[in-house]
Amino acid sequence: MGLELHPSNIVDRIKRLEQRVTEVYKKVGLSSAVIRKGGLTLLDDAFFRMVDDNGVEIMYFGPDSEGRQVALLRREGGAPVLYTYFAGPGQQYWALTDGAQNQVVADDAFSGQGLARPYLPLPHGQTDWNVMPKTTSGSFVTLDEVRYYKQHPRVNMTLRVGATVGTTGEWRVQQDGVTLASGAIANGVLTIAYATFAVTGSHMAPLNLDVQGRVASGAGSITAHIREAGGIQS
18 MGLELHPSNI VDRIKRLEQR VTEVYKKVGL SSAVIRKGGL TLLDDAFFRM VDDNGVEIMY
78 FGPDSEGRQV ALLRREGGAP VLYTYFAGPG QQYWALTDGA QNQVVADDAF SGQGLARPYL
138 PLPHGQTDWN VMPKTTSGSF VTLDEVRYYK QHPRVNMTLR VGATVGTTGE WRVQQDGVTL
198 ASGAIANGVL TIAYATFAVT GSHMAPLNLD VQGRVASGAG SITAHIREAG GIQS
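Have a look at this one:
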């Protein structure tokens, strides 16, 4: 005798079929998904990990073997490119590495402030009038210069300017013949002048900045040279 299919039997069979399909999906895993609203939240020390088709871990965000939260991003092949690590208890830092795994940029974990890498040169300048670059010319003369590759859109510059007694002058900063900043040099005074200006050119373009000075009045000499200069943000 054949099985008589009542509506309740059909519903039960559909439910069982749905359960089996669900179980199959669970075993296969998530192959593709789109989140249009909201987001993905991992709780209770869950982690996010990406592994390529060669079995190499490319990305990891989550707890390490000691339960500390870390982040790791690798190049193709597995070499680290960006990661966080611990220099000591509670002293976490991040580092950006080159292809040879040298740390090229990292923050200072011990102080919790500023950079650990790279080491940056400190600006310096002359304080003895006798060795400062000077001119007695009434026309602008280049007394100092900067040659560098552009990284920042603006430059902040501190100048030491001065003139002998009975003499006044002018200073200016030029980029390829265009004046970006200028000022007066007072009679018989050695002081500090400040200049902040935008520079032209694309990223990594070679730039030329010239600090020039001239005598405006008097028979003495003037000086204008860089005490400190650095690139800054807009």
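Each residue of the sequence shown is one higher than the last, beginning at 18 in the working numbering.
All residues carry an ideal CB built from backbone N, CA and C; glycine is no exception.
Query: Identify whether Leu226 lies in helix, strand or coil by the three-state DSSP scheme.; Result: strand
Query: For Gln191, which residues in the same chain have their Cβ closer than 6 Å to its Cβ, ignoring the five residues on either side in sequence?; Result: Asp227
Query: Looking at chain B, is there any beta carbon in it that lies within less than 8 Å of the beta carbon of Val73?; Result: Judged by its chain identifiers, the structure shown contains no chain B, having just a single protein chain.
Query: Can you tell me the Cα-Cα spacing of Asp293 and Thr159, whole angstroms?; Result: Examination of residue 293 is not possible in this model, given that the chain is present from 18 through 251 alone.
Query: Give the list of continuous beta strand (DSSP E) stretches no shorter than 3 residues that lie fully inside the stretch 106-154.; Result: 108-114, 120-124 and 132-134
Query: State the CB to CB distance for the pair Glu187 and Arg231, rounded to an integer number of angstroms; the pair is presumed to be in contact (CB under 8 Å).; Result: 6 Å
Query: Quick check: what's the CA-CA separation for Gly107 versus Val178?; Result: 48 Å
Query: Skipping 5 residues on each side, what residues in its chain have a beta carbon closer than 7 Å to that of Gly155?; Result: Arg231 and Val232
Query: By DSSP, does Leu59 sit in helix, in strand, or in coil?; Result: coil
Query: So Gly237 and Thr152 are supposed to be a Cβ contact under 8 Å. How far apart are they, rounded?; Result: Rounded, the Cβ-Cβ distance is 10 Å, inconsistent with contact.
Query: Apart from the five residues on each side of it in sequence, which residues of its chain come closer than 8 Å, Cβ to Cβ, to Leu113?; Result: Val98, Leu99, Gln120, Val121, Val122 and Ala123
Query: Could you please give the first and the last residue of the uninterrupted beta strand (DSSP E) stretch that includes Ala88?; Result: Gln86 to Arg91
Query: Could you pull the DSSP bridge partners for Leu176 from this structure?; Result: Ala210 and Ile243
Query: Ordered along the chain, which non-local residues of its own chain (more than five positions away) have a Cβ less than 8 Å from that of Ala203?; Result: Ala180 and Thr185
Query: Near Phe103, what residues of its chain come up, given a Cβ to Cβ distance below 6 Å and the 5 sequence neighbours on each side ignored?; Result: Gln109
Query: Less than 8 Å between the C-beta atoms of Gln229 and Arg171, yes or no?; Result: no
Query: In three-state DSSP terms, what is Arg53?; Result: coil
Query: Please name the residue, chosen from Phe65, Asp69, Asp29 and Ala50, that lies closest to Gly79 on a Cα-to-Cα basis.; Result: Phe65
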